[in-house]
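In what follows, a single structure is set out as structure tokens and then discussed.
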Amino acid sequence: MKAKLLLLAFTISCYQVFTQDLIAVQNGGDPIFYEDLSEAIKKSVTGDTLFVPAKNYVVNDTIRKELHIIGEGYDLTNNLGATILSSKNNTTPMLVLEEGASNGSITGIRFSVNKSGVYSRNIFSVTELNNYLIDRCFLSLHLYASNSLVKNCILSNTTIQAKITSVLSNNILVGNGYALSKCSIRNNIFLVMSDRYNSLNPNECNIDNNIFPPNYRIWYPVNCSLRNNLNISLNGVSGDNFGSSNFDSDLVLNETFINYTQLNGIDNNSANFQLIANSSFKNAGTDGTDLGIYGGRFPWKDGSAPFNPQIIFSEIPGTTDENGVLKIRIEVEAQKN
11 MKAKLLLLAF TISCYQVFTQ DLIAVQNGGD PIFYEDLSEA IKKSVTGDTL
61 FVPAKNYVVN DTIRKELHII GEGYDLTNNL GATILSSKNN TTPMLVLEEG
111 ASNGSITGIR FSVNKSGVYS RNIFSVTELN NYLIDRCFLS LHLYASNSLV
161 KNCILSNTTI QAKITSVLSN NILVGNGYAL SKCSIRNNIF LVMSDRYNSL
211 NPNECNIDNN IFPPNYRIWY PVNCSLRNNL NISLNGVSGD NFGSSNFDSD
261 LVLNETFINY TQLNGIDNNS ANFQLIANSS FKNAGTDGTD LGIYGGRFPW
311 KDGSAPFNPQ IIFSEIPGTT DENGVLKIRI EVEAQKN
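Quick note: the sequence shown uses the working numbering, first residue 11, plus one each step.
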């Protein structure tokens with residue numbers, strides 16, 4: 011009996027070592043494991059979920075089916091590491107989303123920085139998608155999608171075009187160039203001062219509860235509603251725009267948040283984007299919650315770990331105790347949606 015248990019312990023231990031660095035593809039049954047992410051994407055079928063462990067992957071793949079890709083997070087300071095996707099040539103998207111990819115999702119991925127240009131953004135959708143989710147990622151994005159949601163991400167150079175309203179909510183925007191059409195833009199933080207065409211360029215958008223640097227100039231909004239935002243001005247207008255209850259402040263960003271001085275504070279986790287204790291922007295949103303990423307419907311999750319449980323500690327002894335019991339200790343960690 012003990013020999014069998016020892017064999018079981020050895021098997022469990024080997025299985026864990028063997029699978030912890032492999033990509034698991036699952037759709038209700040037993041998982042299938044792959045070493046190569048491109049192969050996993052190619053061989054998966056509609057509705058599959060791909061669990062992608064923390065390490066570096068080089069990909070330039072096209073997705074034409076509903077897939078749910080879940081990494082272990084983008085935080086480089088995480089004890090588990092980060093799931094990082096890079097491009098083979100640094101000029102083309104890591105993932106191109108085409109017809110058939112609707113209803114899919116990408117969560118917990120860090121995309122490496124590509125060269126500038128709309129066609130080199132990390133994720134690029136060619137045809138209109140519907141009901142797509144991008145959550146807790148670090149990326150640049152060109153998304154043509156309706157009824158979709160981008161939340162709790164760190165974003166640069168992003169374009170979202172929608173026929174039916176999509177939502178950009180509770181994100182940190184760290185670069186220039188945001189062309190957004192028919193979007194609800196809520197509870198985001200814009201960290202880089204921009205002017206003219208490098209700033210936010212919205213068309214038929216609802217813009218609520220966001221925080222901008224002082225004197226941030228939104229570039230030619232067209233038929234937009236702007237409510238309860240901090241520090242905005244308009245660089246030209248077109249069509250009918252509506253604004254109410256917006257706030258002007260002389261406070262720079264490092265006087266608005268508990269701790270923020272420069273962009274690298276995002277990556278080393280020294281930044282804290284909670285509003286200072288006596289801030290007049292607490293509970294000042296259209297829904298009675300704070301301005302910025304900790305208010306609204308999708309409050310920021312510190313650490314930005316994916317929602318699925320992650321193994322943070324495991325202890326599997328090589329022998330049983332005096333009663334023939336093999337005591338296995340496994341600790342997991344997850345954040346709520």
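Every residue, glycine too, gets a C-beta built ideally from N, C-alpha and C.
Quick caveat: nothing in here was measured; it's all calculated off a predicted structure.
Excluding the 5 residues flanking residue i on each side, which residues of the same chain have their C-beta closer than 7 Å to its C-beta?
i: Ser135; result: Leu107, His152, Leu153, Tyr154, Ala155
i: Ser112; result: Glu76, Leu139, Asn140, Asn141, Tyr142
i: Asn333; result: none
i: Thr271; result: Asn264
i: Gly306; result: Ser179, Asn180, Arg196, Asn197, Asn219, Gly295, Asp297, Thr299
i: Ser280; result: Asn269
i: Ala34; result: Pro41, Phe43, Phe61
Rounded to whole angstroms, what's the CA-CA distance from residue i to residue j? Just pull it up for me.
i: Thr56; j: Ser158; result: 18 Å
i: Phe252; j: Glu214; result: 11 Å
i: Ile144; j: Ser122; result: 16 Å
i: Thr59; j: Lys292; result: 38 Å
i: Thr101; j: Asn167; result: 14 Å
i: Gln36; j: Glu49; result: 14 Å
i: Pro103; j: Val69; result: 9 Å
i: Leu201; j: Val184; result: 5 Å
i: Ala315; j: Asp46; result: 23 Å
i: Leu210; j: Pro41; result: 43 Å
i: Tyr44; j: Lys52; result: 11 Å
i: Asn132; j: Leu165; result: 10 Å
i: Asn256; j: Ile286; result: 19 Å
i: Lys311; j: Asp258; result: 27 Å
i: Thr304; j: Gln284; result: Contrary to the premise, residue 304 reads as Tyr rather than Thr in this sequence. For Tyr304 and Gln284, the distance between alpha carbons rounds to 7 Å.
i: Leu105; j: Thr329; result: 46 Å
i: Asp331; j: Thr87; result: 37 Å
i: Asn225; j: Ala189; result: 19 Å
i: Pro309; j: Asn274; result: 22 Å
i: Gly313; j: Ile182; result: 13 Å
i: Gln71; j: Ser150; result: Rather than Gln, the amino acid found at residue 71 in this sequence is Asp. C-alpha separation (whole angstroms): 16 Å.
i: Asp260; j: Leu240; result: 10 Å
i: Thr137; j: Asn99; result: 23 Å
Mapping the DSSP letters down to three states, classify residue i as helix, strand or coil.
i: Leu17; result: Its pLDDT being 37, under 50, Leu17 is placed unreliably in this model, and the value from its coordinates should be taken loosely. DSSP places Leu17 in helix when its eight states are reduced to three.
i: Ala172; result: strand
i: Asn264; result: helix
i: Lys65; result: coil
i: Ser191; result: strand
i: Asn216; result: strand
i: Ile276; result: helix
i: Ser54; result: coil
i: Ser156; result: strand
i: Ser48; result: helix
i: Asp312; result: coil
i: Asp258; result: coil
i: Asn293; result: coil
i: Tyr226; result: strand
i: Ser243; result: strand
i: Ser288; result: Going by the sequence as given, residue 288 is Asn instead of Ser. Coil, per DSSP.
i: Asn100; result: coil
i: Ser23; result: Residue placement at Ser23 is flagged as unreliable, the pLDDT there being 40, under the threshold of 50; the coordinate-derived value follows with that caveat. It is helical.
i: Ser112; result: coil
i: Ile221; result: strand
i: Asp331; result: coil
Per DSSP, which one or two residues make a beta bridge with residue i?
i: Thr59; result: Gln36, His78
i: Gly253; result: Leu236
i: Phe43; result: Ala34
i: Asn269; result: Asn282
i: Arg120; result: Ile94, Phe148
i: Leu183; result: Leu165, Phe200
i: Asn140; result: Ser156
i: Asp71; result: Leu105
i: Leu178; result: Val160, Ile195
i: Asn211; result: Ala189
i: Ile133; result: Leu105, Leu151
Let me make sure I understand the geometry here. Which of the options has the alpha-carbon closest to that of residue i?
i: Asn288; options: Met203, Asp258, Phe267, Tyr304; result: Phe267
i: Asn180; options: Gly187, Arg196, Thr168; result: Arg196
i: Ile326; options: Lys337, Asp46, Leu201; result: Lys337
i: Ile79; options: Lys98, Asn220, Ser54, Ala189; result: Ser54
i: Tyr84; options: Ile303, Ser280, Cys163, Phe257; result: Cys163
i: Ile73; options: Glu109, Ser97, Lys311, Tyr67; result: Glu109
i: Ser96; options: Val262, Cys147, Thr137, Tyr67; result: Tyr67
i: Val232; options: Asp250, Leu301, Met203; result: Asp250
i: Phe148; options: Ile276, Gly302, Leu301, Pro223; result: Ile276
i: Ile116; options: Arg237, Leu240, Asn282, Arg146; result: Arg146
Beta-carbon within less than 8 Å of residue i's beta-carbon, same chain only, minus the 5 sequence neighbours each way: which residues are those?
i: Ser176; result: Leu153, Ala155, Ser156, Asn157, Ser158, Leu159, Val160, Ile170, Lys192, Cys193, Ser194
i: Val335; result: none
i: Lys65; result: Asp31, Gly91, Thr93, Ile94
i: Val262; result: Pro223, Pro224
For residue i, I'd like the list of residues in its chain whose CB is within less than 6 Å of its CB, leaving aside the five on either flank, ordered along the chain.
i: Gly81; result: Val62, Thr93, Gly118, Ile119
i: Asn216; result: Ser194, Ser235
i: Pro1; result: Beyond the ends of the chain as shown, which are 11 and 347, falls residue 1; an answer cannot be given.
i: Arg237; result: Asp218, Ser254, Ser255, Thr296
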